[in-house]
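Here the structure is laid out as C-alpha cells; the discussion comes afterwards.
Numbering (the working numbering), first residue to last: 155 to 969.
Structure (C-alpha cells):
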C-alpha cells in the first residue's frame with residue numbers, strides 16, 4: 155500500500171530497480187481491488203467473474219503472448235503496461251478508479267480489515283472454531299520489506315517442526331524473487347527449505363539451505379530461539395531482501411492430531427513443557443483423527459468433492475455404492491467394501507450399516523439415527539447431504555450440480571471428518587499406528603478427576619470401549635440386541651410377544667426371549683468385569699418393532715401362523731401420533747409389567763451366574779422416560795421381588811446392584827428431590843431432555859437449525875452441545891435437589907453430548923460423577939475431562955463441598 159503515480163518514480167530512483175517497483179504495483183492492484191474494492195464491499199460476482207480472476211487471466215494472456223513460462227520473466231516495460239491495463243479493467247468492472255492517493259489506499263485497507271470480520275468466510279470460520287462474534291479484529295500497519303527485488307531476495311513460510319507428523323525437523327518452503335502470497339497461492343512450485351522438506355514435486359529445485367547457506371543458518375538459529383521462547387511449534391513467515399533476512403511474523407502453528415500428540419510428547423521429553431501443558435496442548439477433537447482410518451491428505455488435495463453433508467462419523471471410507479441394507483450385508487460377505495447410500499436410515503437398516511465401510515444419507519442431522527449409530531461404532535458417516543437424490547428402486551444416485559448418474563457398484567470416497575464426498579477411490583492411511591498415543595493417554599488420566607463411561611449395546615462394543623479406557627457402561631440399550639448380527643430369532647420372539655392377544659401368550663413368548671436377552675446381558679457384564687454396567691429397560695414404543703413392508707409382514711405372518719391383516723391391525727393399534735412422547739419406556743413396563751420383569755430377571759440371573767464363576771460384576775438397572783417417583787416405586791417392587799427370587803434359587807447372599815433413572819423429562823428434573831427418594835443414581839438423557847426442553851424434534855431440526863445459528867438465535871446445535879443457559883439449568887437444579895435428598899447420589903449423562911468437549915467441561919464444573927459416550931469418543935471425553943480438571947478444579951471442589959458429595963475416583967487414581 156502506498157504506491158501511486160506520485161510515489162512510483164521516487165521508489166524507482168531509490169532502488170534503481172524499475173522492474174521490482176512495477177511488479178510491486180501490479181501486485182497491489184491485483185490484491186487491493188480484490189480484497190478492498192470487491193470482497194470488503196460485499197460484491198458477489200458470478201463464478202469465475204471476480205476482479206482477481208479477470209486480472210489473473212490478463213496476466214496469463216500476456217505471458218502466453220510473450221512466450222514466458224514464469225512471472226519472473228516479465229520485464230519492467232511489460233509490468234508497467236500491465237499495471238495500466240489493470241487499472242482500466244478495475245474501472246470497467248468495479249465502476250470506480252483505483253485509488254491514486256497513498257492515504258486513501260491506507261484507510262481503504264484498514265476499513266477492509268474491519269469489514270472482513272462480518273464476511274461470509276469469517277463468519278463460517280468462527281462457527282467452526284467456536285469464536286465469539288463480539289471479539290472483533292485488530293489492524294496492524296507496518297513497514298514492509300520486499301522479496302521480489304531480484305535474485306538475492308526471497309520469501310518463505312516455515313514451521314519449526316513438521317505440522318503433519320510432528321517430527322522435530324525444520325519444515326518449510328520458499329521462492330526467490332517473489333512475495334509471500336506467491337508461496338501460498340501456488341503460482342509457482344515453491345522450493346524446499348532443506349532436505350527434510352524435499353518431495354517428488356520439488357526435489358529438482360534448490361533448497362534454501364543450498365542456495366543461501368548463511369541465510370538458512372540464521373533462520374535455523376531463529377527457529378530454535380522462537381521455540382524456546384514460546385514453548386510451542388511456530389508457523390513463521392520470512393522475507394529476504396537483498397540478502398538480508400527479516401522475520402515478518404510468527405504464531406502457534408496448526409497441526410494434525412498425530413503431530414499434536416508427537417510434539418507434546420517430544421517437548422515433554424525435551425523438558426520444554428510440563429505434563430499439564432502437554433495435556434492442554436492437544437485438542438480433544440484432534441484425537442478423532444487417531445481413532446479412525448483417514449483419507450491420505452496428499453490424495454485429497456488432488457480431488458474435488460461432488461457433495462457435502464454433515465460430518466457425523468469421523469474418518470474416511472472407500473467403497474462401492476449400495477442402496478439397500480440387505481445388499482450391503484450380501485456384498486460385504488463377498489469381501490467387498492461398500493458405502494450404504496440412503497435417503498435416511500432406520501433401525502431395520504442397522505445390519506447393513508454395520509456391514510458398510512461408510513454411511514451416506516440425504517436427510518438427517520448430527521443426532522439422526524445414522525449419525526448416532528455410526529458414531530457408536532466409530533464408523534465413517536455423512537448425513538444431511540441435501541444435494542443427493544438416491545433412488546433405491548432404480549439403484550442410482552443423482553447429485554445436484556453433477557451431470558453424472560452414479561449406479562450401484564460405483565466407487566465413492568467419504569471424508570466423515572469434513573463431510574466431503576468424492577468420486578472414485580482415494581488412498582487411505584491408518585492414523586492409529588502411533589506409539590506416543592498410549593503414553594499420552596496415561597498422562598491425560600493422571601490429570602483427569604472425572605470418570606468416563608461408554609454407551610454400548612453388545613459385548614463387542616463393551617470390549618472396544620474398555621480398550622479405549624471406559625470405566626463403566628452408562629447406557630446399555632436393551633432394545634438394540636434385537637437388531638444386528640445373530641438377532642433374527644430374538645427379534646422374531648419379540649414380535650411374537652408384541653402380536654400376542656393374551657397375557658398368557660405374551661408371557662410364553664417372553665419366556666423364550668429371556669435366554670437371548672440374558673446371553674447378551676451376561677456377556678456384556680463379563681467384558682466389563684469389575685466395572686458398573688447400566689442396563690436401560692426397554693425404551694422404544696412397541697410399534698417400532700412391527701415390520702412395515704408388505705413382504706416382511708407376509709413373512710412374519712407365515713412364521714407365526716396368523717393372517718397378514720392381524721399384523722396390520724396390531725400395527726395400527728400401536729400407532730401413535732407422537733411416539734416420542736407416547737407409550738414407551740417406563741410406561742410400557744406399567745402397562746406390561748411382565749416385559750420389565752423379564753429384563754430384570756435376565757440382569758439378576760446373569761449377574762448371579764457370573765458371581766458364581768468368581769467374576770466381580772456391578773449391574774445397574776435404569777428406568778427410562780420417568781416423570782414421577784411413583785413410576786420408580788412401581789418398578790422397584792418388581793425389582794425387589796425378582797431379586798429375592800433369584801437369591802433364593804441361586805443360594806447367593808446378595809448381588810451388589812444399583813437402581814436409578816434417566817432424567818430426560820423436564821418434570822423429572824424439577825422433582826429431582828422426590829425422584830432421589832427411590833433412585834440411587836441419575837443419568838441425564840440429554841437427547842430427549844433437549845427435545846422436550848426446547849420443543850425441537852431432533853429428527854427435523856436440520857431443516858431450520860442453520861437459520862437459528864446464522865441469525866444468532868442459538869450459539870450451537872443443542873443436540874451436539876449442552877445448552878448451558880436452559881437445559882444446563884435443569885441439570886444443575888436436578889443435581890442440587892437430588893443430592894439434598896441423597897448426598898451419595900451418583901450422577902452422569904448418557905446422551906450424545908457426553909462426548910462433546912464443551913459439554914464434558916460443563917458436567918465437570920457442575921459436579922457430575924461421569925460422562926458416558928459412544929466407544930470411539932471415550933478417548934476424546936477422557937482428554938476433555940482432563941482439560942476441565944486442569945482448568946476448573948477449584949470450582950468443582952466448591953460445588954461438591956456444597957452438595958456434601960464425594961465422587962467415585964477414576965481407575966487411575968485408585969491405582
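Think of the CB as a built atom: it goes at the ideal place given N, C-alpha and C, for glycine as much as any other residue.
query                                                                                                                                                                       : result
Name, in chain order, the residues that DSSP records as bridge partners for residue 430.                                                                                    : Partner(s): none; residue 430 has no beta bridge.
Give a yes or no on whether the C-beta atoms belonging to residue 380 and residue 370 are separated by under 8 Å.                                                           : no
Buried or exposed for residue 383, please, with buried defined as at least 16 other CB atoms from any protein chain shown within 10 angstroms of its CB.                    : exposed
Look up residue 967 in the DSSP assignment and say whether it is helix, strand or coil.                                                                                     : Only weak support exists for where residue 967 lies, its pLDDT of 40 falling under 50; the coordinates are left without a value.
Compute the beta-carbon to beta-carbon distance between residue 580 and residue 539, rounded to the nearest angstrom, for a pair I have assumed lies under 8 Å.             : At roughly 17 Å, the Cβ-Cβ gap does not stay under 8 Å, so residue 580 and residue 539 are not in contact.
Just curious, the alpha helix (DSSP H) that residue 466 is in, first and last residue?                                                                                      : No alpha helix (DSSP H) holds residue 466; the beta strand (DSSP E) holding it covers 464 to 467.
According to the Cβ coordinates, are residue 595 and residue 933 closer than 8 Å?                                                                                           : yes
Just the C-alpha distance for residue 867 and residue 860, rounded to the nearest angstrom, thanks.                                                                         : 10 Å
Could you spell out the range, first to last residue, of the alpha helix (DSSP H) harbouring residue 686?                                                                   : No alpha helix (DSSP H) contains residue 686, which is instead part of the beta strand (DSSP E) from 686 to 690.
Name the DSSP beta bridge partners of residue 865, please?                                                                                                                  : In DSSP, residue 865 forms no bridge with anything.
By the DSSP assignment, the alpha helix (DSSP H) with residue 452 in it spans what residues?                                                                                : 451 to 454
Measure the Cβ-Cβ separation of residue 734 and residue 845 and say whether it is below 8 Å.                                                                                : yes
Could you say which of 518, 241, 493, 516 lies nearest to residue 506 if we only look at CA atoms?                                                                          : 493
Nearest to residue 827 by alpha carbon, out of 782, 247, 352?                                                                                                               : 782
Report the option in 654, 957, 746, 687 whose CA atom is closest to the CA atom of residue 715.                                                                             : 654
Whose C-beta lies closer than 7 Å to the C-beta of residue 489 among residues of the same chain, with five residues either side of it excluded?                             : none
Which residues in the same chain have their Cβ closer than 8 Å to the Cβ of residue 562, if we skip the five residues on either side of it in sequence?                     : 474, 475, 476, 477, 481, 549, 550
Look up residue 922 in the DSSP assignment and say whether it is helix, strand or coil.                                                                                     : coil
What number of angstroms, rounded off, separates the C-alpha of residue 724 from the C-alpha of residue 649?                                                                : 11 Å
Identify every residue that forms a DSSP beta bridge with residue 549.                                                                                                      : None; residue 549 has no bridge partner.
State the start and end residues of the unbroken alpha helix (DSSP H) segment that holds residue 263.                                                                       : 256 to 270
Name the one or two DSSP bridge partners that residue 309 has.                                                                                                              : 329, 393
Entirely within the region 842 to 908 and at least 3 residues each: give me those beta strand (DSSP E) ranges in chain order.                                               : 900 to 903
Expressed to the nearest angstrom, what Euclidean distance is found between the alpha-carbon atoms of residue 967 and residue 607?                                          : A caution first: residue 967 carries a pLDDT of 40, below 50, which makes its placement in the model unreliable, though a value can still be read off. Residue 967 and residue 607: Cα-Cα distance of roughly 15 Å.
Given that a residue counts as buried once 16 or more other Cβ atoms are within 10 Å of its Cβ, and exposed if not, what is residue 171?                                    : buried
For the beta strand (DSSP E) that residue 574 lies in, which residues bound it at each end?                                                                                 : 574 to 577
Buried or exposed for residue 320, please, with buried defined as at least 16 other CB atoms from any protein chain shown within 10 angstroms of its CB.                    : buried
Could you tell me which of 857, 589, 892, 850 sits nearest to residue 877, measuring between CA atoms?                                                                      : 850
Would you kindly work out how many angstroms separate the C-alpha atoms of residue 969 and residue 599, rounded to a whole number?                                          : Low local confidence applies: a pLDDT of 30 at residue 969 is under 50, so the model's placement there is unreliable, and no value is given.
Mind checking whether residue 301 and residue 161 have CB atoms under 8 Å apart?                                                                                            : no
Could you have a look at residue 582 and say whether DSSP puts it in helix, strand or coil?                                                                                 : strand
Can you tell me whether residue 815 is helix, strand or coil according to DSSP?                                                                                             : strand
Just confirm the distance between the C-beta atoms of residue 809 and residue 758, as a whole number of angstroms; I'd bet it's less than 8 Å.                              : 6 Å
Assess contact between the region 624 to 643 and the region 670 to 682, defined as three or more Cβ pairs (one per stretch) separated by less than 8 Å. Is contact present? : yes
Residue 252 by DSSP, collapsed to three states: which one?                                                                                                                  : coil
Would you tell me roughly how many angstroms separate the C-alpha atoms of residue 871 and residue 356, rounded to the nearest one?                                         : 44 Å
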